[in-house]
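Student:
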Amino acid sequence: MLILSRKSNESVVIDGRILVKVIRLDGDVVKLGIEAPADVPVHRQEVYDEIQRSNHEALTTGKPIVPRLTRREHRSAPEAALVVPRDQNYTRTVTH
Amino acid sequence: MPVMKTEAEPTSVSESSGERPSVVVQLPLGLIGFESIKRYQLSSQPDEAPFAWLHVEGESDLAFIVVSPFEVTSEYEPQIGEEDLRFLGLPSVDDAVIYNIVTLDRKGGGTINLKGPIVLNPRTLVGKQCIPLNVSQLSVKHPIPAV
Chain A
0 MLILSRKSNE SVVIDGRILV KVIRLDGDVV KLGIEAPADV PVHRQEVYDE
50 IQRSNHEALT TGKPIVPRLT RREHRSAPEA ALVVPRDQNY TRTVTH
Chain B
0 MPVMKTEAEP TSVSESSGER PSVVVQLPLG LIGFESIKRY QLSSQPDEAP
50 FAWLHVEGES DLAFIVVSPF EVTSEYEPQI GEEDLRFLGL PSVDDAVIYN
100 IVTLDRKGGG TINLKGPIVL NPRTLVGKQC IPLNVSQLSV KHPIPAV
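What follows is the structure, given as structure tokens:
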């Protein structure tokens with residue numbers, strides 16, 4: 000692991016496109032500012048690890064039985080996913 | 000001349016007889032821990048609603064079970080960051096379709112992960128597993144109410 004010393008307001012540049020800046024030191028808390036392109040996800044590690052673990056547990060192979068919810072009648076998911084927001088831009092104009 | 004406006008209809012649902020309807024969903028960044036898998040087939044069957052399947056494209060054995068979180072809890076308000084919305088081309092979270100991943104247990108029930116919603120743009124079918132700004136208040140194992 001590369002270890003660098005930085006003061007408040009000093010930065011590190013990674014790969015010419017990711018900037019990590021020390022914003023403030025407050026006791027044992029360091030506030031970091033991170034600038035990265037949209038295709039570089041930035042996460043707190045413990046949250047990332049928790050979601051990663053959950054995703055791995057959730058991956059299914061084969062065909063498990065899904066739980067049952069006692070609810071109203073549902074639309075099928077792709078249909079729900081394709082429901083277009085009610086916005087003027089998404090309406091079609093038909094003339095007679 | 001009278002003008003009538005009608006709701007736009009979904010155009011890309013493939014539905015051949017006997018097959019469950021499905022759409023291809025693209026996750027350019029993958030799911031967390033599965034970053035290299037970027038294309039999924041989202042499908043569902045009426046008798047399994049509101050649960051749906053997110054099958055890894057080309058690996059039909061591998062799948063995630065997903066559900067709209069609002070079918071499971073009425074108290075879910077993930078705060079999706081501006082950068083995520085911009086990435087997805089969404090003006091606001093109200094324009095998104097949200098699915099959360101289900102983890103089954105051995106007793107026929109399960110939990111959903113509220114910390115990592117899959118936020119989809121319903122027009123482009125591009126999505127991302129986002130970490131909401133209020134993640135610290137959300138459960139990674141929210142129980143699905145049993146029947």
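So the sequence lines, in the order shown, correspond to chains A and B. Going left to right, the first sequence walks through residues 0 to 95 as numbering that gives the first Met the number 0 numbers them. Going left to right, the second sequence walks through residues 0 to 146 as numbering that gives the first Met the number 0 numbers them. Every residue, glycine too, gets a C-beta built ideally from N, C-alpha and C. Everything numeric in this text was worked out from a predicted model, so none of it was measured.
(1) Grab the span of the alpha helix (DSSP H) containing R85/B for me, first residue to last.
(2) Taking only beta carbons into account, state which residues of the region 15 to 28 of chain A come closer than 9 Å to chain B, listed in chain order.
(3) Determine the direct distance from the alpha carbon of G32/A to that of Y98/B, and round the result to whole angstroms.
(4) For S42/B, list the residues DSSP reports as bridge partners.
(5) Across the region 28 to 43 of chain B and the region 47 to 65 of chain A, are there enough close Cβ pairs to call them in contact, namely three or more that are closer than 8 Å?
(6) For a quick check, are the C-beta atoms of E56/B and V96/B less than 8 Å apart?
(7) Would you tell me roughly how many angstroms separate the C-alpha atoms of I22/A and L84/B, rounded to the nearest one?
(8) Taking Cβ positions only, does V101/B come closer than 8 Å to chain A?
(9) Determine, using beta carbons only, whether P36/A comes closer than 8 Å to chain B.
(10) Note down, in chain order, each residue of its chain lying with its Cβ closer than 6 Å to the Cβ of K140/B, except the 5 sequence neighbours on either side.
(11) Output the distance between the C-alpha atoms of L68/A and E45/A, rounded to the nearest integer angstrom.
(12) Report the rounded CA-to-CA distance for L58/A versus K6/A, giving the unit in angstroms.
(13) Quick one: what's got a C-beta closer than 8 Å to E70/B's C-beta in the same chain, skipping five residues either side?
(14) Using the three-state DSSP reduction, which class does I27/B fall into: helix, strand or coil?
(15) Could you check the C-alpha separation between L53/B and E9/A for me, to the nearest Å?
Tutor: On the basis of the data shown:
(1) That run of the alpha helix (DSSP H) goes 81 to 87.
(2) Answer in chain order: no residues at all.
(3) Answer to the nearest angstrom: the Cα atoms are 30 Å apart.
(4) DSSP lists S21/B, W52/B as the bridge partner or partners of S42/B.
(5) Between the region 28 to 43 of chain B and the region 47 to 65 of chain A there are three or more C-beta pairs closer than 8 Å, enough to call the two in contact.
(6) Not a contact, by the Cβ cut-off of 8 Å.
(7) One Cα belongs to I22/A, the other to L84/B, and the distance between them is close to 25 Å.
(8) The Cβ of V101/B sits closer than 8 Å to at least one Cβ of chain A.
(9) For P36/A, the answer is no, since every Cβ of chain B falls outside 8 Å of its Cβ.
(10) Once the five neighbours on either side are set aside, the close Cβ partners of K140/B are T110.
(11) One C-alpha to the other measures close to 32 Å.
(12) Roughly 43 Å between the two C-alpha positions.
(13) Result list for E70/B: P49, in chain order.
(14) The residue asked about is misnamed: residue 27/B is Pro in this sequence, not Ile. Three-state DSSP puts P27/B in coil, outside helix and strand.
(15) Inter-residue distance for L53/B and E9/A is about 44 Å (C-alpha atoms, whole angstroms).
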